[in-house]
Structures are given as structure tokens and as C-alpha cells.
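Engineer: In the working numbering, the protein residues as written are 18 to 412.
First the structure, then my questions, so here it is.
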């Protein structure tokens, strides 16, 4: 489905008006091979969508078109090249019943599916390999290739290939994290999803689609938006509390979303950020997850760490719809609800907030706690953490 571009084959087309000649991509004139006719190709109609590659656990459906309307003559191909010849979408993304919630374990599960298939089809010898699989490597395109575990003392020959990860397997997201961090003045997530597709780690957009460029969330959280539906509030707090003391950094209004807080760890390593709601119920306490972008260039001059402060940014909607005769408060960017109604858009009769993704039963106004959640608000049980309380705390 997805191919490399031009290859180092003499006479193959490697660019607009260029061909491979003596292992370089050079112009027709320099290669003294100017053709009489040069015609770019045109895309033919799209083929039918293929059935989803999985019934659960993130599959992929795709379709293709050919560069034959017309076919190129003495030209590398159609506009956009091979990346525009294929379109793919994520499908059946609900987890399978036995899928691990941890990505590293899920990758091993998917790799093991490939190993099992190869054993069942006699591609691999069961006396040499078993059905336990993992990524072939943790770098490059190898993240979407499989390595099957050897049996006993058997050692697989060098450069042995075991097949590809199933479509939809999560792959290396390091490039995504770097793009998220570097593409804007705040580390807003772009909604990009890296998954394996025919042996390559492809980046799907916030619309779960892959075709040439990918759509991203704007700062308002709109997929493919232009940032016109919200206001972005950002600033820097430079105060440092004394040892053992707390200092109010910012009051974030109700209705704010896409809240981001970031700082230089080496300056702030002895400080903690806490977030409370208006009733002093902790939302974030003591521990905040983080990500890193490393610069390993050699320093040419002496450096001093400077306190750049704690940076924050959040989005506020410009307009809003309120249900049950609620009115939108433009100053607070939220709904003022009539007596007896609650929620961000006045759609609930229950004055309660459920933590960690727990559902609210509107008939009883009680939170429906999941595994490892406890109490009226479904907080995480002791020893568990994460947005849905599925991660065990390290001891």
C-alpha cells in the first residue's frame, strides 16, 4: 500500500524533471537524457473501502487510487506522490476484552498474534519459535515489525524477519511528543495518533484519518479548526513560595479547558503544583505527569539556570449553549443554571461531580465507580493512580 519513493536505479524518475544517474538525482540536461515528451500523471478514481482489519482493539480500513488518469510519461508520478495514493481511517477502536491497558503489553499482544499466525501457517517452525512476540526494534520503521521468541537454546539467524505488526498497533510516539511541544508556544496536544500500517509507523490525525497531511486540534480543541471559537489565556507566574508554604498562582475560571501548566524542572524540583476546585477538593495534588524534550548539543559557553517562572495556558469558549433555560455568562464563560439544574450546560439534575471518568447515574445522582475506584466521587483506591485508576503506583 505505502511504498518508498524513487530508488537508486539508473533512469528512474526521482523528482520534477530529474532522473537517477550515477547514484545521484540529477536533471535531464545534466544526464544528457532530455526526453521528447514529459507528462505528469493524473489520479484515477478511488477504489472501494476495505473491510476493517479488526473487529475490536483499533483496526484500519483503507482504499487506494492509481496514477493512471493519465499515466505519467517521463515524469515521477502524480501530485503528492505515493502518500496521496492511499487513504486510511481508524475503525473499531473499542478495546478487545483481553487487551492490556498498558501500551507496552498491548504491543506484545499484537506481535504475538503475528507469531501465532506464522506458526499456524507453518512459516515458522514450532521447534524453533513460540507464539510470544515483541517489536523487532524500538527505533525507525522496525517498531512496526515483529520478532518472535526462540525456543530453548535456538538462535535465529541475523536479519531474520518475522512479519509485520497488525494494522492499528500503537507505535513509537516520540516524534509526536516532539511535534506537540515544538509546534506552539504551549505544549498543547494535537490529537495525533501513531499506529502501524503495512509495516510503517503512520501518523493519523485528530479525525482518525491518514491522507497526506493530517488534521490537528487547534487551541480550542476543534479538529482542523482555525482557533476562532475560543480565547486563549496565557501567562507566567514568577513567585516562589517559602519552604513549607503555599502561594496562589492563578484562579482558573469555570468552563476553562485545555489547561496546560509547565516549567523548568531543575529550577522548580523542590516545589509542587496543586489544583483545587472551588470547594477545595483536590483535582491534582503533589504529582504532575511530565514529558521531556532533550537537547544534547555541546554548550559553547558557561550556562546559568534562570527561573523563567511557571507558565500556564487555558482556553475559554467565546459562545456557548445552555439547556433548560440556562443563560451563558460571557464573563465567566459558562452557563448560569436555573434552580434545580447543574452541569456545564445545565443538562443535569445532579449536583455532583464524578472523578476519574466514572459515569453519573442521573436517576439516583450517584457515581458509578469502576474497578479500583472508591467513595461517593470514585477516587482512586490506595495504591492506584492514572486518569481511570488502572495504573499501580510504584513502591
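For each residue, glycine too, the CB sits at the ideal point set by N, CA and C.
1. How many Å lie between residue 215 and residue 183 at the Cα?
2. Would you kindly report the start and end of the unbroken alpha helix (DSSP H) that includes residue 126?
3. Determine whether the beta carbon atoms of residue 161 and residue 181 lie at a separation below 8 Å.
4. Determine the burial state of residue 176: buried for a count of at least 16 other Cβ atoms within 10 Å of its Cβ, exposed for fewer.
5. Write down the C-beta distance between residue 206 and residue 227 rounded to the nearest angstrom, noting that I regard them as a contact closer than 8 Å.
6. Rounding to the nearest angstrom, what Cα-Cα distance links residue 381 and residue 367 in this structure?
7. Determine the DSSP secondary structure at residue 159, reduced to helix, strand or coil.
8. Which residues mark the beginning and the end of the alpha helix (DSSP H) in which residue 46 is found?
9. Could you check if residue 390 is buried or exposed, using at least 16 other CB atoms within 10 Å of its CB as the buried criterion?
10. Return the chain-ordered list of same chain residues with a C-beta closer than 7 Å to the C-beta of residue 82, the five sequence neighbours on each side being excluded.
11. Restricting to Cα atoms, I'd like to know which of 355, 241, 369 is closest to residue 383.
12. Does the structure place the segment 122 to 133 close enough to the segment 151 to 159 that three or more beta carbon pairs sit under 8 Å?
13. To the nearest angstrom, how far is it from the Cα of residue 371 to the Cα of residue 364?
14. Return helix, strand or coil for residue 147, following the three-state DSSP convention.
15. With burial defined as no fewer than 16 other Cβ atoms inside 10 Å of the residue's Cβ, what is the status of residue 208: buried or exposed?
16. Here's the rule: buried if 16 or more other CB atoms are within 10 angstroms of the residue's CB, otherwise exposed. What is residue 26?
17. Within its chain, find whatever has a CB closer than 6 Å to the CB of residue 85; leave out the 5 residues flanking it on each side and keep chain order.
18. Would residue 345 and residue 352 qualify as a contact pair, given that the criterion is a beta-carbon distance under 8 Å?
19. Tell me the DSSP secondary structure of residue 76 in three-state form.
20. Which residue from 256, 328, 260 puts its Cα closest to that of residue 278?
21. Indicate whether the contact test is met: 3 or more Cβ pairs, each with one atom in the segment 330 to 347 and one in the segment 246 to 261, closer than 8 Å.
22. What three-state label does DSSP hand residue 288 in the structure shown?
23. Do residue 223 and residue 186 have their C-beta atoms closer together than 8 Å?
24. Taking the alpha-carbon positions, what's the residue 220 to residue 67 distance?
25. In angstroms with no decimal places, state the Cα-to-Cα distance between residue 398 and residue 406.
26. Going by the CB atoms, is the gap between residue 107 and residue 225 shorter than 8 Å?
27. Find out if the Cβ-Cβ distance for the pair residue 28, residue 42 is shorter than 8 Å.
28. Considering only the alpha carbon of each residue, which of 130, 169, 133 lies closest to residue 144?
29. Which residues mark the beginning and the end of the beta strand (DSSP E) in which residue 356 is found?
30. By the DSSP assignment, the beta strand (DSSP E) with residue 210 in it spans what residues?
31. How is the beta strand (DSSP E) around residue 236 delimited, first residue to last?
32. Quick one: what's got a C-beta closer than 7 Å to residue 271's C-beta in the same chain, skipping five residues either side?
33. Going straight from the alpha carbon of residue 53 to that of residue 158, what length do you get?
34. Beta-carbon within less than 8 Å of residue 95's beta-carbon, same chain only, minus the 5 sequence neighbours each way: which residues are those?
35. According to DSSP, is residue 248 part of a helix, a strand, or is it coil?
36. Kindly list the residues whose CB is nearer than 6 Å to the CB of residue 408, restricted to its own chain and excluding five residues on each side of it in sequence; keep chain order.
Structural biologist: Judging by the given coordinates:
1. 8 Å
2. 120 to 137
3. yes
4. exposed
5. That belief does not hold up - the Cβ atoms of residue 206 and residue 227 are roughly 18 Å apart, past 8 Å.
6. 8 Å
7. helix
8. 45 to 48
9. buried
10. 60, 61, 62, 63, 64, 102
11. 369
12. yes
13. 15 Å
14. strand
15. buried
16. exposed
17. 61
18. yes
19. strand
20. 328
21. yes
22. coil
23. no
24. 19 Å
25. 8 Å
26. yes
27. no
28. 169
29. Premise fails: residue 356 is in no beta strand (DSSP E) and is neither H nor E.
30. 210 to 214
31. No beta strand (DSSP E) contains residue 236, which DSSP labels as neither H nor E.
32. 349, 351
33. 39 Å
34. 57, 58, 59, 60, 84, 89, 101, 102
35. strand
36. 402
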